[in-house]
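Residue numbers (the numbering used here): 14 to 305.
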């Protein structure tokens, strides 16, 4: 699974949509559009799970707009500083393992503050749900879980590893360009070594969903806000010990993978990484913090 995305509590993925998008999971022209219209996209995503009233949509749009304004003024400069540093570190020679580790840590350091700021948005939305909406949410989360299990667990372990390799290759190619045969072999071996990662990830996802639904049964309690904040900010604890161990191993393995892929590349690989860094930085520079 994609480590950066897996860190995010499942139902609250839209609240880190801005960060995920601008860190390169879409094309650079789409990055600016997605950032400016993230509030609309988040409402659409939420309504895949629960049908909102007009008042709920209005409140969510207002909350997301405030979140986006904060993110633009407070967080984008941090991303730009990181990208400047990354560009410098790959400008001449391949980065060593310690440098790759450092930049991965920098990337993950952006998530906690965004999740913390997004928590009041989640509190406003979830505390406003009716009993019928909570049941709709539960049904749709269960259906989504079944669909993911069917998609990721239907094949043999070998086929699952091959599919993981393809997903991983697509993601790293956005940063490194087309992979050569040696790099593809590295990705395939890396994917084969992930063991039961998919099963653990799915069970952790299910654990978190069940905890959320249990909490929603007491959403009028005075402790609801504090308990929801814990659920969001301590996602790995809620998902279980196996999930925590898997994520720690996965992050270390991903850092090693990126280093190995860079070392197995050529000057074109470094040039592509540098170009992608510059493109993202230019996108951030072009964004303003005015309302969408």
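The C-beta atom is built at its ideal place from N, Cα and C for all residues, glycine as well. Please read all numbers here as calculations on a predicted model, not as lab measurements.
Comparing C-alpha distances from residue 153 to each of 64, 120, 237 and 129 shows the shortest one belongs to 64.
Counting every other CB atom within 10 Å of its CB across the protein chains shown gives residue 278 a total of 16 or more, marking it as buried. The beta carbon of residue 190 is closer than 7 Å to those of 281, 282 and 285 in its chain, skipping five residues each way along the sequence. Take residue 297, set aside five residues on each side of it, and the residues of its chain with a beta-carbon closer than 8 Å to its own are 35, 89, 92, 93 and 96, in chain order. DSSP places residue 132 in the uninterrupted alpha helix (DSSP H) bounded by 124-140.
Between the C-alpha atoms of residue 114 and residue 272 there is a straight-line separation of about 9 Å.
The C-alpha of residue 199 lies about 37 Å from the C-alpha of residue 59. The distance from the Cβ of residue 251 to that of residue 234 is about 18 Å, inconsistent with a contact at the 8 Å cut-off.
7 Å or more divides the Cβ of residue 228 from the Cβ of residue 136. Our two residues, residue 221 and residue 269, have alpha carbons roughly 28 Å apart in a direct line.
Contact check between the stretch 75-90 and the stretch 146-160: fewer than three CB pairs, one atom from each, fall below 8 Å, which does not count as touching.
Taking residue 102 as the centre and dropping the five residues before and after it, the same chain places the C-beta of 108 and 112 closer than 6 Å to its C-beta, in chain order. In the DSSP assignment, residue 294 falls within the unbroken alpha helix (DSSP H) covering 280-299.
Shown here, residue 61 sits in coil according to DSSP, grouped into three states, outside any helix or strand. In the displayed model, residue 85 falls within a helix according to three-state DSSP. The continuous stretches of alpha helix (DSSP H) do not include residue 253, and DSSP gives it neither H nor E.
Under the three-state reduction of DSSP output, residue 240 falls in the helix class. The beta carbon of residue 116 sits closer than 6 Å to those of 99, all from its chain and outside the five residues before and after it, given in chain order.
Residue 217 carries a helical assignment under DSSP once its states are collapsed to helix, strand and coil. Here residue 178 is buried. Its C-beta has 16 or more other C-beta atoms within 10 Å.
Per the C-alpha coordinates, the member of 208, 181, 206 and 134 positioned closest to residue 196 is 181.
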